[in-house]
Structure formats: C-alpha cells, structure tokens
Amino acid sequence: DTAVSQTPKYLVTQMGNDKSIKCEQNLGHDTMYWYKQDSKKFLKIMFSYNNKELIINETVPNRFSPKSPDKAHLNLHINSLELGDSAVYFCASSQFAGGIGETQYFGPGTRLLVL
Amino acid sequence: KQEVTQIPAALSVPEGENLVLNCSFTDSAIYNLQWFRQDPGKGLTSLLLIQSSQREQTSGRLNASLDKSSGRSTLYIAASQPGDSATYLCAVRPVRPPETSGSRLTFGEGTQLTVNP
Chain V
76 DTAVSQTPKY
86 LVTQMGNDKS
96 IKCEQNLGHD
106 TMYWYKQDSK
116 KFLKIMFSYN
126 NKELIINETV
136 PNRFSPKSPD
146 KAHLNLHINS
156 LELGDSAVYF
166 CASSQFAGGI
176 GETQYFGPGT
186 RLLVL
Chain D
10 KQEVTQIPAA
20 LSVPEGENLV
30 LNCSFTDSAI
40 YNLQWFRQDP
50 GKGLTSLLLI
60 QSSQREQTSG
70 RLNASLDKSS
80 GRSTLYIAAS
90 QPGDSATYLC
100 AVRPVRPPET
110 SGSRLTFGEG
120 TQLTVNP
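Given below as structure tokens:
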C-alpha cells in the first residue's frame, strides 16, 4: 500500500502552460507539505497545510497555489510555467504540525520539465 | 538563517567498510534532526530522527549522533553493503514557538554514497 502518492510521476510541458500535481496520503496524517528539489538536488520547503489550513508559505512565486480539499490531499497548481520551474516536486506528510518527534513521509516525486 | 552542510558531497567505499557521514548546522537552536535516504529517481525515506534532547539513535546498522551545542550530527553505517548506495540527506527542524507553526525542515545538499561490491 502506498503511503504518500503523487500524480503524475513525470510531467513535460511547454512554457506558459498551467499544470497541477496531486498528492494523497493514506496515513491519517494531519499535515502535508510540498518541497522542490532543484537540479543541484537541494530540497526546499514550499508549503505546508495542517488540517486543510495553510501554515507554511515560503517565498514562492504566486504562480504556485496549493489547495487542500481535505486533510488527505494536497494539490499544487502552477500557472504560467517557466523554465526555472523544472525540478522534482515532493509531497510529504507527518502526523503533527508540531509536537515531539514527528517524522515526515515522502512521496516518490513528480519530475517536471518545462520546455 | 539556518544553513545545513554535509561533508563529503560524495563517497565511494568497498563493501564491508564502516563509514561516517557528517552534517553540520549553523543555528544550534533545533527541535530535531532527521536523516533521510534518497535512491535515484525515488522519494526520500526517513532513516532516523533525533530529538534535540537526545544524543543518538540507532536502527540496525545505522547510528546517528547529535551534538547540538557544536551544531553537528554524524550518521555511522556499519558493514556497508552495495544496497546502501544512495544519497543521504540530513534535515533540521528549527525551534519556533508556537509549535503550530509547522515543521519547516532545512535540508543539506546530501552525501552521495557508493558502496562497491
């Protein structure tokens, strides 16, 4: 059983398009995250939701808009895609937003290539 | 601003060797530190999580230590195997009251480990 799943796994698109990436977790966790891993393999958090409420919003262009329809899902919509958006996007979840010793569980990643 | 550095960037060892991966962070005010493993083309798998009050955590052939005051953590892998080949990432979570602020992990760039048979 997949704990954290993302779709699609690969996404190749043209500059200027709008695309969405979906994430679902079946762990019953309250908190979900989006990370971006750039070409240098550096991972950086973008957003976090706790029980459908946005709690972390890093300095990310407003072309990126997360949406959490319920606490098991966190989608990422990207408008007007740019070449620099090419990266691997990881979704993760943890049981708590705070508290002692929470562990984050990551999805397999979505490899986005903007041409 | 918290910065996490991992040394070395890449490491190649023969099978059976014991090895140490290093992680350092600039702000010692952390809540916990996690070590992850990332296989090529795959997501991250959490290996060990050390709370700020702990000195070490062990799981099988892995042992992670934390020296918060000096801003350092090490991941020790005993009797390395080819299956251990992967990129190892460490990440720290800052102390940031209130705790509802979320788990804003700061990652290092990783150490790419190759264990040769």
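Line by line, the protein sequences give chains V and D.
In terms of this note's numbering, the first sequence has 175 at position 100, counting the first letter as 1, and numbering is strictly consecutive.
In terms of this note's numbering, the second sequence has 17 at position 8, counting the first letter as 1, and numbering is strictly consecutive.
Just so it is clear, CB atoms sit at the ideal spot from N, CA and C, and this is done for glycine as well.
Practice item. Report yes if the C-beta distance between A162/V and K111/V is below 7 Å; otherwise report no. Key: yes
Review point. Per DSSP, what kind of secondary structure is D105/V in: helix, strand or coil?
Key: coil
Point to revise | Neighbour list for Q43/D in chain V, Cβ cutoff strictly below 8 Å | key: T178 and Q179
Review point. So, does the CB of G52/D fall closer than 7 Å to a CB anywhere in chain V?
Key: yes
Exercise for review: Compute the Euclidean distance between the alpha carbons of N137/V and M107/V, then round it to the nearest angstrom.
Suggested key: 19 Å
Review point. Which of the three DSSP states, helix, strand or coil, is assigned to P49/D?
Key: coil
Point to revise | Test: F116/D CB closer than 7 Å to a CB of chain V | key: yes
Review point. If you run the structure through DSSP and keep just helix, strand and coil, what is L58/D?
Key: strand
Check your understanding: Between the stretch 128 to 144 of chain V and the stretch 12 to 24 of chain D, do at least 3 Cβ pairs fall closer than 8 Å?
Key -> no
Practice item. Can you give me the Cβ contacts of L56/D inside the same chain, cut-off strictly under 7 Å, excluding the 5 residues immediately before and after it? Key: W44, F45, R46, S68 and L71
Check your understanding: Buried or exposed: where does L129/V fall if 16 or more other Cβ atoms within 10 Å of its Cβ makes it buried?
Key -> exposed
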